[in-house]
Amino acid sequence: MHNHKNIHILLRNNNYFFVYGLVTMMKTILGPDKNIIVSGDYSISGVRRADIIIMSSTPALPCLCLPNFRFRQPHSLVIVFNDRHSNFRSHTCAACNSGVLLLNHKKPIGLIRTRLEQTIKAVSMEDISCTPGDYLSCRHCRLSKKQLQVIQYMRQGYNVQRIAKLMNVSAKTIHAHKYRIMQRIGTKGNVRLYNFINSIGQDESFADIGQIEKAVNASSV
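Counted from 1, the sequence shown has number 74 at position 74 by UniProt numbering; the numbering is strictly sequential.
Quick look at the structure:
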């Protein structure tokens with residue numbers, strides 16, 4: 001990143017003031033000799049060009065597979081903003097999110113800037129990197145076909161009893177699937193679970209809901 005004149009930032013957010021403030025901060029950190037190019041292209045070609053990828057999403061996001069992110073530059077940086085506490089731990093991070101910087105955008109601006117400066121410096125010194133080989137042994141957030149089926153039915157608005165009938169199992173079995181899903185994504189309670197499920201459908205970095213199995217279970221290029 002430090003050898004690039006043009007710094008490509010991949011960012012999609014509808015909040016103009018958030019985007020403007022963040023890009024201005026990044027420009028200050030990177031220096032006046034850098035030309036910042038902002039794009040919202042999360043395709044494979046867009047990810048390949050990106051030096052910095054900035055996202056706003058669920059705290060469980062770093063643990064999930066984003067297939068296109070496997071084409072990141074070796075010393076690119078992924079930054080995820082959220083507004084609540086996360087139980088995320090680095091050893092559960094999906095390989096495609098290697099070296100992710102998780103920030104709470106409600107924290108003081110000075111603290112956010114300090115963490116950004118420290119992490120960008122580490123990336124520039126090549127202390128943080130990812131390689132294609134990292135992805136082959138990735139053991140992130142795998143969900144069973146039954147659990148994926150439960151997620152799809154929940155997104156369609158079905159309650160536990162209805163899902164149990166559709167899947168020809170007991171309601172107790174569906175509750176067990178829900179509990180295991182929450183364990184895998186590091187969240188608790190129905191509200192947070194539904195927020196996570198809805199975010200999968202809304203965030204264009206994921207495959208569409210019909211391809212959720214690919215998005216969550218893919219483990220090789």
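From the three backbone atoms N, C-alpha and C, an ideal C-beta is built for every residue, glycine too.
### Message
I'd like to confirm the pairing. Which residues does DSSP put opposite N6 in its beta bridges?
### Response
Partner(s): N35.
### Query
With distances taken from CA atoms, which of L116, N14, K106 is nearest I52?
A check of alpha carbon separations from I52 across L116, N14, K106 identifies L116 as the nearest.
### Task
May I have the straight-line CA-CA distance separating Q161 from R184, to the nearest angstrom?
For Q161 and R184, the distance between alpha carbons rounds to 23 Å.
### Task
Count the other C-beta atoms from every protein chain shown that fall within 10 angstroms of the C-beta of R48, then say buried if there are 16 or more, exposed otherwise.
With fewer than 16 Cβ atoms within 10 Å of its Cβ, R48 is classed as exposed.
### Query
Where does F69 land, buried or exposed, given buried means 16+ other C-beta within 10 angstroms?
Buried, because 16 or more other Cβ atoms sit within 10 Å of the Cβ of F69.
### Query
Taking the continuous alpha helix (DSSP H) assigned at F18, which residues delimit it?
F18 -> alpha helix (DSSP H) spans 16-30.
### Query
For K35, is the classification buried or exposed, using 16 other Cβ atoms within 10 angstroms of its Cβ as the cut-off for buried?
Correcting the residue type first, residue 35 is Asn in the shown sequence and not Lys. Of the residues assessed, N35 falls on the exposed side of the cut-off, its CB having fewer than 16 other CB atoms within 10 angstroms.
### Task
Whole angstroms is fine: what's the gap from G157's alpha carbon to I181's?
So the two alpha carbons sit approximately 17 Å from each other.
### Message
Applying the 10 Å Cβ sphere with the 16-neighbour rule, what's the burial state of H8?
### Response
The residue is buried, with at least 16 neighbouring Cβ atoms inside 10 Å.
### Query
Do L11 and V38 have their CB atoms nearer than 8 Å?
Cβ atoms of L11 and V38: closer than 8 Å.
### Query
CA-CA distance, V23 and M167?
Approximately 47 Å, taken between the alpha carbons.
### Query
Enumerated in chain order, which unbroken segments of the alpha helix (DSSP H) with a length of 4 residues or greater are wholly contained in the segment 137-180?
Qualifying alpha helix (DSSP H) stretches, in chain order: 145-155, 160-167.
### Task
Please classify N104: does DSSP put it in a helix, a strand, or coil?
DSSP places N104 in strand when its eight states are reduced to three.
### Message
Once DSSP output is grouped into helix, strand and coil, what is the label at N82?
### Response
In the structure shown, N82 sits in a strand (DSSP, three-state: E or B).
### Query
Can you give the Cα-Cα distance for M55 and I163, rounded to whole angstroms?
Spanning the two alpha carbons is a distance of roughly 32 Å.
### Task
Look at I197 and R155 and say whether their C-beta atoms are less than 8 Å apart.
Going by C-beta atoms, I197 is nearer than 8 Å to R155.
### Query
What residue range is occupied by the uninterrupted beta strand (DSSP E) comprising S56?
52-56 is the extent of the beta strand (DSSP E) around S56.
### Message
I'd like to confirm the pairing. Which residues does DSSP put opposite L11 in its beta bridges?
### Response
By DSSP's assignment, L11 forms a beta bridge with I54.
### Three-state secondary structure assigned by DSSP to N87
At N87 the pLDDT is 49, less than 50, meaning the model places this residue with poor confidence; the figure from the coordinates comes in the next sentence. In this structure, N87 counts as coil in the three-state DSSP scheme.
### Query
Using the C-alpha atoms, what's the distance from K165 back to N174?
Reading off the sequence, residue 174 comes out as Ile, not Asn. In this model, I174 and K165 are separated by some 10 Å (Cα to Cα).
### Message
Between H177 and Q152, how many whole angstroms is the CB-CB distance? I'm expecting something under 8 Å.
### Response
Actually they do not touch by this definition, with Cβ atoms about 12 Å apart.
### Query
Does the distance from the CB of V123 to the CB of H75 come in under 8 Å?
Yes; because the gap between Cβ atoms is below 8 Å, this pair is in contact.
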